[in-house]
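In order, the protein sequence lines correspond to chains A and B. Residues 0 to 230 in numbering that gives the first Met the number 0 are what the first sequence spells out, letter by letter. Residues 0 to 230 in numbering that gives the first Met the number 0 are what the second sequence spells out, letter by letter. The C-beta atom is built at its ideal place from N, Cα and C for all residues, glycine as well.
Protein chains: 2
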Amino acid sequence: MSNTKRESRCDVCIYKSYLFNYLTKQETALVNLNKKEIVIEKGEIICQEGKPIKYLVYLREGLMKLYKTGAGRTQQIISIATPQDFIGLLSVFSNTEYVYSLSALEDSSLCMIELDVIKKIILQNGKFALSLIEKMNKISDVVLSNKVELGVKQLRGRIAHILLMFAEQVYRSDIYELPVSRKEIGELIDMRTENVVRILSEFRKDQLIGIEGKKIEIRNKPMLKKISELG
Amino acid sequence: MSNTKRESRCDVCIYKSYLFNYLTKQETALVNLNKKEIVIEKGEIICQEGKPIKYLVYLREGLMKLYKTGAGRTQQIISIATPQDFIGLLSVFSNTEYVYSLSALEDSSLCMIELDVIKKIILQNGKFALSLIEKMNKISDVVLSNKVELGVKQLRGRIAHILLMFAEQVYRSDIYELPVSRKEIGELIDMRTENVVRILSEFRKDQLIGIEGKKIEIRNKPMLKKISELG
DNA sequence: TATCAATATTGATATATATCATACTATATG
DNA sequence: CATATAGTATGATATATATCAATATTGATA
């Protein structure tokens, strides 16, 4: 737990979410006083299911996973958070305890804002509230449609989908280092580790991708897209 | 399309959502002026994917399904709305067109409120905004956790889950009339019609349920719960 | 460096689920 | 009334996926 803390000013924060542009000077100052910044290492767990919710977590830099622990230590990954995401935004206002856990897939830098302060601002700042609502809807669109699509796709389609997701949403590059293990990919798209491995190898044999350990290279994006769409 | 329209006053509406208790008299009057009430018959489609969003739909009485049409006329049911639900609340603020369609599973009575009016009220009424946010989070908890659980459960577990859902969430009775066809059950829990039929028959043979056409009787709830939980 | 544990890989096999075929309702429709 | 049409039902078979087993590889740690 090497939670290096450093304090920066919200008003000039370079990571600032566009949502906070709707705040007044006073509100920004209030956030400034009631937030803490932490830097965490890959693998560290920030929030655990069942623990009381105190903060709204904002991801400045890095990559994190939001997951749920089921019976028999199995995990299910709900979503992968990228910079500028408010993590778990879809559940913090309806629960007093976290329903998901949160851990770092890469070294990450977070800003944790007291939830009570956010609530206070919602009460007094309509523009902020409406923007937050829009933001929540956008997140729910993505998360939900991902989960809904899982149901119709076969394993090959899911793997293609996740490979493209990392390329397009996360790394914005056709060459990237997978931030997750084969097992975690399985937890994200509901399949067994062995099948993740198998289908990745298959895709490599078919020249769709290059693999070198965790390094992935998308080689035939049109074909991958087709596989992803047709399931 | 027998959209019988009748107008009632919001301030004394017996179907009123608790959310509207946070409104001022003026705001209630504004809603009153910008809403329309409609009564629709089983099978009627209210919103269609791709059509512009103008209203926030509130279900007063009846039962509706929110669904998505995929390639090849296949449907996927996202959720089933019960009275007092704001339908599609999770996507109306992030899109200008509906991303889901909405149709009646039973004769239903709806109140459709101009979305612009809702937005206006969010901007000026913090309590309403915060309550709406909490509501949205609750909906997303339910919808998302349902979809997440689908991924881990096998067919038997899914059927058990859905049978219990109708008994406990929708009809609050162990005997009820299924509002959906076997095909629609499949669309709701990602499985083939034949397997829905097969497993229902199996459950009947095992004395877990009684079936008579669409009429379902839960006969061994503890066992169904176990099947639902263990997947 | 040696050792251990976790991860990755591949193959063989079992199981779950989808698909195909057929028949048998109910319900609508001319 | 006859005849479509969708829904329900069941069996046989094909296919997709999970499970089991064995080995290789990597990464962490003493």
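Close to S102(A), with beta-carbon spacing below 9 Å, lies no residue of chain B; the smallest spacing is near 17 Å.
Around I117(A), the same chain offers L55 as residues with beta carbons nearer than 6 Å, after the five sequence neighbours per side are excluded. Beta bridge pairing from DSSP links C46(B) with L101(B). Residue pairing for T68(A): DSSP places it in a beta bridge opposite Q74(A). Residue S16(A) holds the alpha-carbon nearest to the alpha-carbon of C110(A) among N20(A), S16(A), I215(A) and G212(A). Judged by DSSP in its simplified three-state form, E211(B) adopts strand. Between L58(A) and Q74(A), the beta carbon gap of about 19 Å keeps them out of contact (Cβ cut-off 8 Å). Between K41(B) and A103(B), the CB-CB gap stays under 8 Å.
Taking C-beta atoms as the reference points, T68(B) and E48(B) count as a pair closer than 8 Å. Identification of chain B residues near M135(A) by a Cβ-Cβ cut-off of 9 Å yields L89, F92, S93, I132, M135, N136 and S139, ordered along the chain. Excluding five sequence positions before and after I138(B), the CB atoms of its chain that fall closer than 7 Å to its own CB belong to L88 and L89, given in chain order. Less than 8 Å separates the beta-carbon of V91(B) from that of L114(B). Restricting attention to E183(B), I184(B), Y175(B) and L163(B), the CA atom closest to the CA of K224(B) is found in L163(B).
Assignment of I13(B) by DSSP, reduced to helix, strand and coil, places it in the coil class. In this chain, the beta strand (DSSP E) harbouring S108(B) covers S107 to E113. Partner residues in the beta bridge of Y54(A), as assigned by DSSP, are E113(A). At least one beta carbon of chain B lies nearer than 8 Å to the beta carbon of G150(A). By the beta-carbon neighbour count (other beta carbons within 10 angstroms, threshold 16), N136(B) is buried. Neighbours of D189(A) in chain B, taken as residues whose beta carbon is under 8 Å from its own, are G150 and V151 in chain order. Y170(B) sits in coil when the DSSP states are folded into three classes, being neither helix nor strand. According to DSSP, residue pairing for M135(B) in a beta bridge does not occur.
Taking 8 Å as the threshold, the shortest C-beta distance from G49(B) to chain A does not fall below it.
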